[in-house]
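Since the structure comes first, as structure tokens, the remarks are kept for the end.
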Amino acid sequence: MDWIVRNIEEIQRKIAQAAKKSGRTAKDVTLVAVTKSVAAEVINQAIAAGISDIGENRVQEAREKFSSLAPVRRHMIGHLQTNKVNQAIELFDLIHSVDSLRLGEAIARRAARQGKVMPILVQVNISGEATKYGVAPEETLALVRALSGFVSLEVAGLMTICPAVEDPEEVRPYFRQMRLLKEEIEQQGFPLKYLSMGMSGDYEVAVEEGANMVRIGTALFQKRCDHGA
């Protein structure tokens, strides 16, 4: 599994370079390893190599895997259905994909019943794509304000998924808009710890534009020829 170590080292090096451009260091950026369809054995190798945060897209797959994993911070990064909220609260430390007041209310109710305060991120559809989940940018402040009213929720930041493009420079404007949106909301009295954006194809640009949490799967778990695979 030396290739996993090399992948992690390369990603961390690129994160450090990108963070430096925005006056930060790699320690300021949380790397969330996206483990969808990755076997528990391989995930544990990544954890042993230094990965401290993992992200799953589906509640059921997470439930099947998590009991076999070493201790790690667990992120729900996929679309969450209201009928999966109870399980999500039990399984995950942070839910990235809250895109409506209805879903937020469901999480708040169930978290209160479990005696928990559930950290969440508000998902923003910054590109306006019909195929993507998320609240519209102009509606984000209102949703953050409403969700912040629940004592069993902690609105910890914003998340977005940008369009898949060959040249990551094409999505730089979206990342910049997300950073500005976060700053605008904070100016209204709602501190936001996390800005979760950037994946395998564009995380360097995302970090340059202010991301402090990136979600990376392919670049981390895919063997490459230059690694001798």
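Residue numbers for the sequence shown follow my numbering, so the first one is 1 and each next one is one higher.
From the three backbone atoms N, C-alpha and C, an ideal C-beta is built for every residue, glycine too.
Only a predicted model underlies this, so the values are computations on that prediction, with no experimental measurement involved.
Where Leu258 sits in the DSSP three-state scheme
Nothing about residue 258 can be reported from this structure: the residues present for the chain run from 1 to 229 only.
Pick helix, strand or coil for Val72, following the three-state DSSP scheme. coil
Given 8 Å, three or more beta-carbon pairs between the segment 194-210 and the segment 139-149: Touching, no.
In angstroms with no decimal places, state the Cα-to-Cα distance between Ser152 and Pro119. 9 Å
* Below 7 Å CB to CB, which residues in the same chain sit around Gln188 once its five sequence neighbours on both sides are set aside? => Leu141
Cut-off 6 Å between Cβ atoms - residues of its own chain near Glu204, not counting five sequence neighbours on either side:
Lys14 and Ala18
* Between Leu103 and the rest of its own chain, which residues show a CB-CB distance below 7 Å, the 5 nearest in sequence each way excluded? -> Leu80 and Thr82
Problem - Outcome for Asp99 when other beta-carbon atoms lying within 10 angstroms are tallied against a minimum of 16 - result: Counting Cβ neighbours within 10 Å, Asp99 comes out buried, since at least 16 surround it.
The alpha helix (DSSP H) enclosing Ala16, as first and last residue numbers: Asp2 to Lys21
### Query
Measuring CA to CA, which of Ala112, Leu94 and Val165 is closest to Ala127?
In the sequence as displayed, the identity of residue 127 is Ser instead of Ala. Ser127 has its Cα closest to that of Val165, out of Ala112, Leu94 and Val165.
Worksheet item: In angstroms, rounded to a whole number, what distance separates the CA positions of Ala26 and Lys20?
Response: Between Ala26 and Lys20, the C-alpha separation is close to 8 Å.
My parser needs the alpha helix (DSSP H) runs of 4 or more residues fully inside the segment 32-88; what are they? You should have 40-48 and 59-66.
| query | On the three-state DSSP scale, how would you describe Val29? | reply | Collapsing the DSSP output to three states places Val29 in coil.
Notebook entry, point to check: So, are the CB atoms of Ile8 and Ala62 less than 8 Å apart?
Noted result: no
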